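Chemist: Sharing a structure with you now.
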Amino acid sequence: MGNKSRREFLKTVSKAALTATGSLLIRPLFPNIAPVLSATPETTDLFVVEGTDYRALVREGFKQMGGIQRFVKKGDSVVIKPNAAWSRTPEQAANTHPDIVAEVVRVCKEAGAGKVEVIEHPCDNYKSSFRISGIKEAVEKAGSRLYSLSETQDFSTVNLPEAKILKKPDVATQILNADCFINMPIAKSHGSARLTMAMKNHMGAVKDRRFFHTTDLDQCIADISSFLRPDLTIMDHTRVMTTRGPKGPGNVVILNKVVFGTDQVAVDAYGTSLFGMKPDDLGYLRAAKEMNLGITDLDKINIKNTKLSQ
Amino acid sequence: MRLPGQIGKKLVKFAIIAGWIAIFYLQFHRPFIALAAQNASPNFLLVSIPNFLFFIAWISVPLLVLSVFKNRYFCFKICPVGLLQDLTVSWQKSHPGNFNRFFFLFLLAFSLISINLVGLLDPLVTINRAVVVLIILEHHVILFGLSFLIILILSLILKRFWCWKLCPLGALFDWITIIKKRITRKEKSLDTGRRKALLSIATGLVSGALLRTTRVFAKRDNRLLRPPGSINKDTFSERCIRCGSCIGVCPTGCLRPSLTENGIEQFLTPKLVPRHGACDEFCNKCGQACPSQAIKMLPLEKKKLFKIGTAKIDKSICIGWEHNKLCLICQEYCPYLSIKITNNKNGIPCPEMIPELCRGCGLCEQHCPATPIRAIKIYNDGEGTFIDLKTQEKYLG
Chain A
3 MGNKSRREFL
13 KTVSKAALTA
23 TGSLLIRPLF
33 PNIAPVLSAT
43 PETTDLFVVE
53 GTDYRALVRE
63 GFKQMGGIQR
73 FVKKGDSVVI
83 KPNAAWSRTP
93 EQAANTHPDI
103 VAEVVRVCKE
113 AGAGKVEVIE
123 HPCDNYKSSF
133 RISGIKEAVE
143 KAGSRLYSLS
153 ETQDFSTVNL
163 PEAKILKKPD
173 VATQILNADC
183 FINMPIAKSH
193 GSARLTMAMK
203 NHMGAVKDRR
213 FFHTTDLDQC
223 IADISSFLRP
233 DLTIMDHTRV
243 MTTRGPKGPG
253 NVVILNKVVF
263 GTDQVAVDAY
273 GTSLFGMKPD
283 DLGYLRAAKE
293 MNLGITDLDK
303 INIKNTKLSQ
Chain B
36 MRLPGQIGKK
46 LVKFAIIAGW
56 IAIFYLQFHR
66 PFIALAAQNA
76 SPNFLLVSIP
86 NFLFFIAWIS
96 VPLLVLSVFK
106 NRYFCFKICP
116 VGLLQDLTVS
126 WQKSHPGNFN
136 RFFFLFLLAF
146 SLISINLVGL
156 LDPLVTINRA
166 VVVLIILEHH
176 VILFGLSFLI
186 ILILSLILKR
196 FWCWKLCPLG
206 ALFDWITIIK
216 KRITRKEKSL
226 DTGRRKALLS
236 IATGLVSGAL
246 LRTTRVFAKR
256 DNRLLRPPGS
266 INKDTFSERC
276 IRCGSCIGVC
286 PTGCLRPSLT
296 ENGIEQFLTP
306 KLVPRHGACD
316 EFCNKCGQAC
326 PSQAIKMLPL
336 EKKKLFKIGT
346 AKIDKSICIG
356 WEHNKLCLIC
366 QEYCPYLSIK
376 ITNNKNGIPC
386 PEMIPELCRG
396 CGLCEQHCPA
406 TPIRAIKIYN
416 DGEGTFIDLK
426 TQEKYLG
């Protein structure tokens, strides 16, 4: 090892150091910028399908929406975010019905999706909530996989300059990389948010939920919804927990409905009416209205009801 | 091809050790008592034989019978701790003496005044603890491997030091042999060391009494929570053999070995620490794994009614009550609906306990966002009782 090699070594080290510092300096110049909010259209369509065969409801809903081809092209990667947060059975209505989730997986696969992933950041122990909710088994039978974000810890920090409180959430990387993002919430009562539906379901796609509760829950839900804008929202309304949510066991009402929509705010606004509430009763819908994230005025939502006969 | 004798013997020993570790390892994935008791013939085993007797009948009695005929056969050919020492190198040979027999009596005297040391030093329990370390591989169980490491280090100095000088199980076999020889009168001038024996028992009793006086200094911690199904808190440390099986099976990692913070007598007994995890609603594995039934094997429906403790809300640091935020995470998580919603004076929905329904599972404490001190904590009030179904109906309708 002569002088020359030492000099070369020092050169290499200093170059590497410069590159490292340089990249650190440059990084803030190219943050993950939230998509530019497009102007909210005047009206939106919601499709409500009713029937007891849950798998047929999903098929019918996609038909009404204009076919799965509208959302999923051949080879696309699809991420589905159901509510599988609690170790409760399908009858207790705390999680999205496994049949509905599995059928959406099948529809996406049939449309030629390259990759279909189902993700959830469960509240309860992921093993018991995935097993008891029945979603893991159903999804695997349909040929996909249910990922627990609490295990994979696959999150990326995003910058939300438009947000009021939640400026830098850690969001599931799988959603950021997906071509198509389908949100599949279940509507049910909720202690702090009063009702949990489409927008509230995004809390299962972020890393730190405590931040939401310790700052301003309603505003944070609106903030995350300004960034996570699913291509399609399919809300499970087949069984509805009307009391003691979100975990229950509470009072369960059978409605046998599934709601399809592209505007998640409109889906939530419609959802309140099923509980006998108004959109303005919910704090996060008021915040969404203020941020102009979607349509909250029920008069501007075209609801198309279909009843499937057996 | 014939293997050279030495290597062949070592291979056999290695296989036996591997077998033991496999047995102990398997119990954490499917507790074998539970396997036999629940899957084979539930009615017969659960009704006619209490569980701990069942365990004794299957493991202990055959060993004792074996030792009557073959003295220390178990130690040389079967015991995993013994065989593992054979695999290590040693500086010098150890010679059998009679120290271990009196040491055994000394330890046994402790159990006369309710201090369980024989279980703590048992070789099978020791290897079980070592397997728990292998399974969990986290820093909080490292102490479980300590006794095993000490045995191996001692064996580096004197071959099978543990077996000849300290092991209580080996000493029990030695006593059986001596009594057998006494009865059959093969050796007339047999020195059983009656005086020494009495002296060791007396020393044990005195030391035990001294150890018990530490109870005065041990703080009565109302945060010491036991696994679900645990027997009375005063007798728990007497029954518990510190094998660590419950800690090994716990799927949420809420059970931890306690150190000396609750008194030296609670050393290595399991405690539930809600900060690290909460008792799963659909799990009764610790009761199934416990070989001494310090944690009773409760069916799942009964375990769901078992009270580990009771949660209390400190309203002065609660996110809702004090800081007027929409939190209610504890209400969200509570699997037993034991938290109801009340508005505080500013009209913010806040959590309020129904202590009669709380099982003390710890989910609320685990997820409470109040920092650095959780606003909801589990205390061991009402520990060991069952929730009254009538009370539950009254609250939940």
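Chains A and B, in that order, give the protein sequences. Letter by letter, the first sequence follows residues 3 to 312 of our numbering. Letter by letter, the second sequence follows residues 36 to 432 of our numbering. Glycine included, C-beta positions come from ideal geometry on N, C-alpha and C. Owing to the predicted nature of the structure, the values given are computational and were not obtained by experimental measurement.
1. Ignore the nearest five residues each way along the sequence and tell me which others in residue 391(B)'s own chain have a CB closer than 6 Å to its CB.
2. What is the DSSP secondary structure of residue 296(B), reduced to helix, strand or coil?
3. Just checking: is the beta-carbon of residue 194(A) within a distance shorter than 7 Å of some beta-carbon in chain B?
4. Let's see if you can read the secondary structure: which residues bound the beta strand (DSSP E) around residue 384(B)?
5. At what residues does the alpha helix (DSSP H) containing residue 140(A) begin and finish?
6. Does the distance from the CB of residue 243(A) to the CB of residue 191(A) come in under 7 Å?
7. What residues in the stretch 350 to 365 of chain B have a beta carbon less than 7 Å from any beta carbon of chain A?
8. Compare the beta carbon distance of residue 186(B) and residue 126(B) with 7 Å and say whether it is the shorter of the two.
9. From which residue to which residue does the beta strand (DSSP E) around residue 238(B) run?
10. Please determine, among 270(A), 68(A) and 308(A), the residue with the shortest C-alpha to C-alpha distance to residue 295(A).
11. If you follow the alpha helix (DSSP H) that residue 163(B) is in, where does it begin and where does it stop?
12. Just to confirm, is the Cβ distance from residue 329(B) to residue 397(B) under 7 Å?
13. Output needed for residue 280(A): all residues of its chain with C-beta closer than 7 Å, excluding positions within five of it in sequence on either side, in chain order.
14. Report, in whole angstroms, the separation of the C-beta atoms of residue 259(A) and residue 50(A), which I expect to be a contact under 8 Å.
15. Since residue 215(A) meets chain E, which of its residues come closer than 8 Å, beta carbon to beta carbon?
16. Classify residue 210(A) as buried or exposed, calling it buried when 16 or more other Cβ atoms lie within 10 Å of its own Cβ.
17. Is it right to say residue 214(B) is buried, meaning 16 or more other beta carbons lie within 10 angstroms of its own, or is it exposed?
18. Hey, residue 184(A) and residue 82(A): beta-carbon distance below 7 Å or not?
19. Name the two residues that bound the continuous beta strand (DSSP E) containing residue 56(A).
20. Can you tell me which of 99(B), 140(B) and 164(B) puts its alpha carbon nearest to the alpha carbon of residue 116(B)?
21. Along the chain, which unbroken stretches of the beta strand (DSSP E) at least 3 residues long are found entirely within the stretch 247 to 301 of chain A?
22. Pop quiz: residue 430(B) and residue 344(B) are said to be a contact at Cβ under 8 Å. What is the actual Cβ separation, rounded to whole angstroms?
23. Would you verify that the beta carbon of residue 28(A) is, or is not, closer than 7 Å to some beta carbon of chain B?
24. Expressed to the nearest angstrom, what Euclidean distance is found between the alpha-carbon atoms of residue 409(B) and residue 346(B)?
25. Could you tell me the distance, in whole angstroms, from the CA atom of residue 137(B) to the CA atom of residue 129(A)?
26. Hey, would you say the C-beta of residue 188(B) is under 6 Å away from at least one heavy atom of the ligand FAD?
27. With 8 Å as the limit, tell me which residues of the stretch 123 to 153 of chain A have their beta carbon closer than that to any beta carbon of chain B; keep them in chain order.
28. Alpha carbon to alpha carbon, how far is residue 72(A) from residue 114(A)? Give it in angstroms, no decimals.
29. Would you mind sorting residue 188(B) into buried or exposed? The rule is 16 or more other CB atoms within 10 Å of its CB.
30. What are the boundary residues of the alpha helix (DSSP H) that residue 428(B) is part of?
31. Considering only residues of the same chain and omitting the five flanking positions on each side of residue 67(A), which have a CB-CB separation below 7 Å?
32. Name the two residues that bound the continuous beta strand (DSSP E) containing residue 189(A).
33. So which residues of chain A does residue 376(B) contact, with C-beta pairs closer than 7 Å?
34. Contact criterion: CB-CB distance below 7 Å. Does residue 367(B) meet it with respect to chain A?
35. Pick out whichever of 217(B), 406(B), 357(B) and 268(B) has its Cα sitting closest to the Cα of residue 258(B).
Modeler: Reading from the atomic positions:
1. 426
2. coil
3. yes
4. 384 to 388
5. 137 to 143
6. yes
7. 354, 360, 361, 362, 363 and 364
8. no
9. Note, residue 238(B): premise wrong, no beta strand (DSSP E); alpha helix (DSSP H) at 229 to 252.
10. 270(A)
11. 158 to 171
12. no
13. 274
14. 6 Å
15. Structure shown: chain E not included; protein chains present are A and B.
16. exposed
17. exposed
18. yes
19. Counting along the chain, residue 56(A) falls outside any beta strand (DSSP E), though it belongs to the alpha helix (DSSP H) covering 56 to 67.
20. 164(B)
21. 254 to 263
22. So it is not a contact: roughly 18 Å between Cβ atoms.
23. Note that residue 28(A) has pLDDT 46, beneath the 50 cutoff, so the model's placement of it is unreliable and the number below is only indicative. It does not; no Cβ of chain B falls within 7 Å.
24. 11 Å
25. 50 Å
26. In terms of ligand content, the structure shown is empty, and the ligand FAD therefore cannot be addressed.
27. 125, 126, 127, 129, 130 and 134
28. 12 Å
29. exposed
30. 424 to 431
31. 49 and 262
32. 188 to 192
33. 193
34. yes
35. 268(B)
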